[in-house]
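Please read the structure below before turning to the comments.
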Amino acid sequence: MPQTKNLSFVGEDMFQSIPHADSILLKLVMHNWSDEDCVKILQRCRETSTYNDEGRKGKVLIIDMVLNRDEDEADMTKVKLLFDVLMMVLLVGEGGGGGGGQRTEKEWERLFLESGFMS
Numbered sequence: 009m010p011q012t013k014n015l016s017f018v019g020e021d022m023f024q025s026i027p028h029a030d031s032i033l034l035k036l037v038m039h040n041w042s043d044e045d046c047v048k049i050l051q052r053c054r055e056t057s058t059y060n061d062e063g064r065k066g067k068v069l070i071i072d073m074v075l076n077r078d079e080d081e082a083d084m085t086k087v088k089l090l091f092d093v094l095m096m097v098l099l100v101g102e103g104g105g106g107g108g109g110q111r112t113e114k115e116w117e118r119l120f121l122e123s124g125f126m127s
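And the structure:
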């Protein structure tokens, strides 16, 4: 992928470490992992997004689906649940059994709390 003055793509093992950055973008990544693995990833993100030399704190941007069966339109809920089934089918056996899937707002909140982002 091309790099620019303001953007670079870095490949790393996100369970071991994540290089320091002004922003970390995780787009449609977290639904691939179990809750335990998501907490590990978020903890690595939190470690790397602490204050830099200039005193600025980095940002972690997550783009993923949020299940909300009570407020979503029926068609949107069906699409989200279809993604959930797709993740179960594709990830069975991967890395010890998969465990990923779409999450509700409460489930996302629990992951953020467990990883130390909110208190």
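One point on numbering: in the numbering used here, the residue at position 23 of the sequence shown is 31, and numbering is uninterrupted. Every residue gets a Cβ at the ideal spot worked out from N, C-alpha and C, and that includes glycine. Quick caveat, the model's predicted, so the values are computed rather than measured.
Task: For T58, the nearest candidate out of D30, M73, V74 (CA to CA) - done: Position 50 of the sequence shown, counted from the start, is the residue given in the question as residue 58. Here the closest residue by C-alpha is D30.
Task: Where E102 falls: helix, strand or coil (DSSP) - done: Here residue 102 refers to the residue found at position 94 of the sequence shown. Reliability fails at E102, whose pLDDT of 45 lies under 50, so the model's placement of it is uncertain and the value that follows must be treated cautiously. Correct three-state label for E102: coil.
- [ ] Label L50 either buried or exposed according to how many other C-beta atoms from any shown protein chain fall within 10 Å of its C-beta, with 16 as the threshold for buried.
- [x] Residue 50 sits at position 42 when you count from the first residue of the sequence shown. Per the 10 Å Cβ criterion, buried.
- [ ] Classify M25 as helix, strand or coil using the three-state DSSP reduction.
- [x] Counted from its first residue, the sequence shown places residue 25 at position 17. The question names Met, but residue 25 in the sequence shown is Ser. In the structure shown, S25 sits in coil (DSSP, three-state: anything other than H, G, I, E or B).
Open item on the list: Give me the DSSP bridge partner(s) of K67.
Closed with: The residue given as residue 67 occupies position 59 in the sequence shown. Note: K67 sits in a beta bridge opposite S31.
Open item on the list: Let me check one thing: in DSSP terms, what residues is R52 bridge-paired to?
Closed with: On the sequence shown, position 44 is the one that residue 52 refers to. Bridge partners of R52: none, in fact.
TODO: Mind checking which residues open and close the alpha helix (DSSP H) that includes K13?
DONE: Indexing the sequence shown from 1 puts residue 13 at position 5. Under the DSSP assignment, K13 falls outside any alpha helix (DSSP H); it carries neither an H nor an E label.
- [ ] Have a look at the DSSP bridge pairing and note the partners of V74.
- [x] Residue numbering aside, residue 74 sits at position 66 when the sequence shown is read from its first letter. R111, per the DSSP bridge assignment.
- [ ] Kindly indicate which three-state DSSP category W116 falls into: helix, strand or coil?
- [x] As a working note, residue 116 is residue 108 in the sequence shown. For W116, the secondary structure class from DSSP, reduced to helix, strand or coil, is helix.
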